[in-house]
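Residues 1 to 145 (full-length UniProt numbering) make up the sequence shown, in order.
Built from N, CA and C at the ideal position, the CB exists for glycine as well.
Contents: one structure, followed by commentary.
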Amino acid sequence: MDQLDISLLKLLQEDGRMTVSELSKKMALSRPSISERLLRLQEKGIIQGYQARVSPAAIGRNIQMIIQISDLKISPMEFEQRIADDEDILECHRVTGMASHVLKAAVASMEDLTKLVERLMPYGTVNTSIILSSPVNNRIVLPKE
């Protein structure tokens, strides 16, 4: 990956809707060159997709939280499969430390939070932390120099 690829990654993370023509103008490269670089970055798995970032609060999910799951009563893989389709869970990470999994979730009300915790309790110990703010969110990720 060269400096042009890094610049391309930065621009796309700032605005994922930028067209090949716009990228071409900003980077002073031909459209075919930009297209080839994008394809190569996708094939290498560096660019994993393009998607809109939706504000959970703006769609009525005003309560966001981090949930730690410890003392699992089933295998980690089985737990991950069982929660995969739960629409309240935004992210699931298998981690080291006291907890085996850290989840990020968003719900509309305390009642919904209670229901989510009750759905998770059969799998292990559940510890929730309400997110008050996210001062670092969706940071642009570039390779270390």
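Q. What's the C-alpha gap between ILE131 and ILE63?
A. Along the sequence shown, read from residue 1 onward, the residue named residue 131 stands at position 131. Along the sequence shown, read from residue 1 onward, the residue named residue 63 stands at position 63. Between ILE131 and ILE63, the C-alpha separation is close to 8 Å.
Q. Around the C-beta of ILE59, are 16 or more other C-beta atoms found within 10 angstroms, so that it is buried, or is it exposed?
A. For this step, residue 59 is matched to residue 59 along the sequence shown. Under this definition ILE59 is an exposed residue.
Q.
Here's the rule: buried if 16 or more other CB atoms are within 10 angstroms of the residue's CB, otherwise exposed. What is LEU116?
A. Taking the first residue of the sequence shown as 1, we reach residue 116 at position 116. Its Cβ being crowded by 16 or more others within 10 Å, LEU116 is buried.
Q. Any idea what DSSP makes of ILE131, helix, strand or coil?
A. To locate residue 131, count along the sequence shown from 1; it is residue 131. Here ILE131 sits in coil by DSSP.
Q. Quick one: Cα of VAL126 to Cα of ALA28, how far?
A. On the sequence shown, position 126 is the one that residue 126 refers to. On the sequence shown, position 28 is the one that residue 28 refers to. The alpha-carbon atoms of VAL126 and ALA28 are separated by roughly 52 Å.
Q | Distance between beta carbons of ILE34 and LEU23, contact taken as under 8 Å | A | For this step, residue 23 is matched to residue 23 along the sequence shown. For this step, residue 34 is matched to residue 34 along the sequence shown. So it is a contact: roughly 5 Å between Cβ atoms.
Q. Where residue 179 and ASN137 are concerned, what is the direct C-alpha to C-alpha distance, given to the nearest angstrom?
A. The requested residue 179 does not occur in the structure, where the chain is confined to residues 1 to 145.
**Q.** LEU103 - DSSP class collapsed to helix/strand/coil
**A.** By 1-based counting over the sequence shown, the position of residue 103 is 103. LEU103: strand per DSSP, three-state reduction.
Q: Tell me GLU91's beta-bridge partners as DSSP assigns them.
A: Residue numbering aside, residue 91 sits at position 91 when the sequence shown is read from its first letter. LYS104, per the DSSP bridge assignment.
**Q.** Length at least 4, wholly inside the region 20-65: the alpha helix (DSSP H) runs in chain order
**A.** 20-27 and 31-43
Q: Could you check what DSSP says for residue 153 in three-state terms: helix, strand or coil?
A: Since the displayed the chain opens at 1 and closes at 145, residue 153 lies outside it and no answer follows.
Q: For PRO76, collect the residues of the same chain with a Cβ closer than 8 Å to its Cβ; drop the 5 residues on either side in sequence, then sort them by chain order.
A: Position 76 of the sequence shown, counted from the start, is the residue given in the question as residue 76. Correct list, in chain order: ARG94, SER100 and HIS101.
Q) Who pairs with SER70 in a beta bridge, going by DSSP? A) Against the sequence shown, residue 70 aligns to sequence position 70. The partner list for SER70 (beta bridge, DSSP) reads THR125.
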